[in-house]
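Peer 1: Residues in the sequence shown are numbered from 24 upward in steps of one, following my numbering.
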Amino acid sequence: MSRQTQAIIHADAVLHNFKQLAAMAPQSGSMAVIKADAYGHGAVNIARILQHVSSRFAVAIMEEAVALRDAGITAPIVVLEGAHQAKECQMAFQHNCILVMHCEAQLKWLNACPAGKRPHIWLKADSGMHRLGFPLNELPRIVKEYASLLSDETVLATHFASADDTNNPFTQAQLSAFEAVVAQVDSLQKLPLSLANSPAAANWPTSRAKWNRLGLGVYGGRVSTQSDTGLSLMPAMTLRSSILAIRDVPKGEGVGYGQTWVASRPSKIATVGIGYADGYPRHCANGTPVMVRGKRAPLVGRVSMDMITIDVTDIADVSMGDMVELWGEHISIHEVAQCAGTIDYELMTRVSQRVPRIVKYL
Ligand SMILES: Cc1ncc(COP(=O)(O)O)c(C=O)c1O
Numbered sequence: 024m025s026r027q028t029q030a031i032i033h034a035d036a037v038l039h040n041f042k043q044l045a046a047m048a049p050q051s052g053s054m055a056v057i058k059a060d061a062y063g064h065g066a067v068n069i070a071r072i073l074q075h076v077s078s079r080f081a082v083a084i085m086e087e088a089v090a091l092r093d094a095g096i097t098a099p100i101v102v103l104e105g106a107h108q109a110k111e112c113q114m115a116f117q118h119n120c121i122l123v124m125h126c127e128a129q130l131k132w133l134n135a136c137p138a139g140k141r142p143h144i145w146l147k148a149d150s151g152m153h154r155l156g157f158p159l160n161e162l163p164r165i166v167k168e169y170a171s172l173l174s175d176e177t178v179l180a181t182h183f184a185s186a187d188d189t190n191n192p193f194t195q196a197q198l199s200a201f202e203a204v205v206a207q208v209d210s211l212q213k214l215p216l217s218l219a220n221s222p223a224a225a226n227w228p229t230s231r232a233k234w235n236r237l238g239l240g241v242y243g244g245r246v247s248t249q250s251d252t253g254l255s256l257m258p259a260m261t262l263r264s265s266i267l268a269i270r271d272v273p274k275g276e277g278v279g280y281g282q283t284w285v286a287s288r289p290s291k292i293a294t295v296g297i298g299y300a301d302g303y304p305r306h307c308a309n310g311t312p313v314m315v316r317g318k319r320a321p322l323v324g325r326v327s328m329d330m331i332t333i334d335v336t337d338i339a340d341v342s343m344g345d346m347v348e349l350w351g352e353h354i355s356i357h358e359v360a361q362c363a364g365t366i367d368y369e370l371m372t373r374v375s376q377r378v379p380r381i382v383k384y385l
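#1: Between the Cα of CYS136 and those of PHE116, ALA308, ASP271, CYS362, spot the shortest distance and give me the residue it belongs to.
#2: Check the C-beta distance from VAL335 over to MET314 and give it rounded, since I have them as a contact under 8 Å.
#3: Kindly provide the chain-ordered list of residues whose Cβ lies closer than 5 Å to any non-hydrogen atom of ligand 1.
#4: Would the region 293 to 304 count as touching the region 324 to 332 if we require 3 or more Cβ pairs under 8 Å?
#5: Opposite LYS291 in the DSSP bridges: which residues?
#6: I need the straight-line Cα distance from GLY351 to TRP145, nearest angstrom please.
#7: Would ARG270 be called buried (16 or more neighbouring beta carbons within 10 Å of its own) or exposed?
#8: Could you tell me which uninterrupted beta strand (DSSP E) segments, each at least 3 residues in length, are contained entirely in the region 37 to 81, listed from first to last along the chain?
#9: Leaving out five residues before and five after ARG380 in sequence, what residues of the same chain have Cβ atoms less than 6 Å from its Cβ?
#10: Decide if HIS125 is buried, meaning its Cβ has at least 16 other Cβ atoms within 10 Å, or exposed.
#11: Should the region 194 to 214 be regarded as contacting the region 241 to 250, the criterion being three or more beta carbon pairs within less than 8 Å?
#12: Helix, strand or coil, according to DSSP, for ASP334 in the structure here?
#13: In or out: MET85 buried (at least 16 other Cβ within 10 Å) or exposed?
#14: Hey, would you say PHE41 sits closer than 9 Å to ALA55, going by beta carbons?
#15: Contact check, CYS120 vs ALA88 under 8 Å by CB: the rounded distance?
#16: By how many angstroms is the C-alpha of ALA46 removed from the C-alpha of PRO99?
#17: Check whether the region 246 to 266 and the region 278 to 285 touch, using three or more Cβ-Cβ pairs below 8 Å as the test.
#18: Could you tell me the boundaries of the beta strand (DSSP E) in which PRO321 lies?
#19: Roughly how far, in whole angstroms, is the beta-carbon of VAL232 from the beta-carbon of ALA186, given that I think they are within contact range, below 8 Å?
#20: Beta strand (DSSP E) containing LEU146: first to last residue?
#21: Could you check if ASN40 belongs to the surroundings of ligand 2, using beta carbon to heavy atom distance under 8 Å?
#22: Would you list the one or two residues that DSSP bridges to GLU348?
#23: Cα-Cα, which of HIS39, LEU44, ARG26 is closest to ASN226?
#24: Quick check on SER217: does DSSP put it in helix, strand or coil?
#25: Closest to LEU256 by CA distance: which of THR229, SER221, ARG236, ARG288 is it?
#26: Helix, strand or coil for TRP132 per DSSP?
#27: Tell me which same chain residues have a C-beta within less than 8 Å of the C-beta of GLY344, skipping the five on either side of it?
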């Protein structure tokens, strides 16, 4: 029998989350961000699940868009990093993709394409995150100089650095700086806007514009430092595996590499078939919770490449083959991320290709 390590993808949760986030902003169009294999959930899976509610999708790079086209996904695709090379402008045109252009070199590549064979573009502005985008003060010139590259599909976009943090005034500062520049220039005022990611859509109502780009929230990750968002997002992934072995470990004996956990009482230790090669973080601390037989049990000892060890001393009738939830419906991915010193995004995207994704429809 093959290993029971699986990522169950809950189609109902994905749909529910997308619809909830979209309903928060009924004046906006909402598109699902399905880059990085839909944050580890399977880009084609998620595109199929959301095909009737997300009228377009966003990915990071052209390769991701082409893979979706190869799988028969036909909705327009917004490529958030735009073209990495001149030839990607032609590819984008052929594949009905919209390139988010963030620098002048990209616009020059586009200008060199024959008119009539240019893809639609968005323009990305740097409103303070200082990662990608035209500086705000350059936008008026860019829009004037490259007016022939713009179309009625062109949107002016920006991205927030800290939109999940409702106490951080920087999101409002980014919004204000952006709005101030747009207000000054007629040609900018004509462009529709795309500002919000899922944390911004949830926490900052004034960021909801023509297009919201929804990632983490669609997958049920934590979009706000505030508990009271009015949203009830559901985990889209359950990562689970099964117990391969159970042993009694006497008091005083260590478990696993480096013996970082030592039994303080006679203990029953179960070995579970998942490790860091599957994407379960090696940095998870002793005590990171898992769920067995409806009860929480602590991780003990180091995470190995293919296995972890958990303390099931206090759980009755545990047997080989029992399923163990690493995160999902009962163990929040956010709690595990905190135990590993990282964020929900990283855990989702790191589930490795060795773990089969099983899409569960209700
Ligand atoms: C430019 C851009 N827009 C939207 C998103 C989606 O953000 P989130 O997953 O926080 O909703 C991302 C994700 O990193 C992004 O880079």
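All residues carry an ideal CB built from backbone N, CA and C; glycine is no exception. Please read all numbers here as calculations on a predicted model, not as lab measurements.
Peer 2: Reading off the structure:
#1: It is PHE116 whose Cα lies nearest to the Cα of CYS136.
#2: Going by Cβ atoms, the distance from VAL335 to MET314 rounds to 11 Å, so no, they are not a contact pair.
#3: Going by the Cβ distance cut-off, the answer is VAL56, LEU103, HIS182, ASN220, SER221, ARG236, GLY238, LEU239.
#4: They touch, by the three-pair rule.
#5: Paired residue(s): ASP271.
#6: The straight-line gap from Cα to Cα measures roughly 36 Å.
#7: So ARG270 ends up on the exposed side.
#8: The qualifying runs are 52 to 56.
#9: Excluding sequence positions up to five before and after ARG380, its CB lies within less than 6 Å of the CB of ALA30, ILE32, GLY65, all in the same chain and listed in chain order.
#10: HIS125 comes out buried.
#11: Short answer: they don't touch.
#12: Collapsing the DSSP output to three states places ASP334 in a strand.
#13: Around the Cβ of MET85, a 10 Å sphere holds 16 or more other Cβ atoms; the residue is buried.
#14: Here PHE41 is near ALA55, since their CB atoms are less than 9 Å apart.
#15: Right, their Cβ atoms sit about 5 Å apart.
#16: Cα atoms of PRO99 and ALA46: separation of roughly 21 Å, rounded to the nearest angstrom.
#17: Segments in contact, no.
#18: Segment 318 to 321, the beta strand (DSSP E) holding PRO321.
#19: First, the residue type needs correcting, since residue 232 is Ala and not Val in the sequence shown. Not confirmed; about 13 Å, so no contact.
#20: Unbroken beta strand (DSSP E) run through LEU146: 144 to 149.
#21: You won't find ligand 2 in this model; what it holds is ligand 1.
#22: Per DSSP, ARG263, MET314.
#23: If we check each option's Cα against that of ASN226, LEU44 comes out closest.
#24: Of the three classes helix, strand and coil, the one that applies to SER217 here is strand, per DSSP.
#25: Looking at THR229, SER221, ARG236, ARG288, the one whose alpha-carbon comes closest to that of LEU256 is SER221.
#26: Of the three classes helix, strand and coil, the one that applies to TRP132 here is helix, per DSSP.
#27: For GLY344, the CB contacts under 8 Å within the same chain, skipping 5 residues up- and downstream, are GLN27, SER265, ILE266 in chain order.
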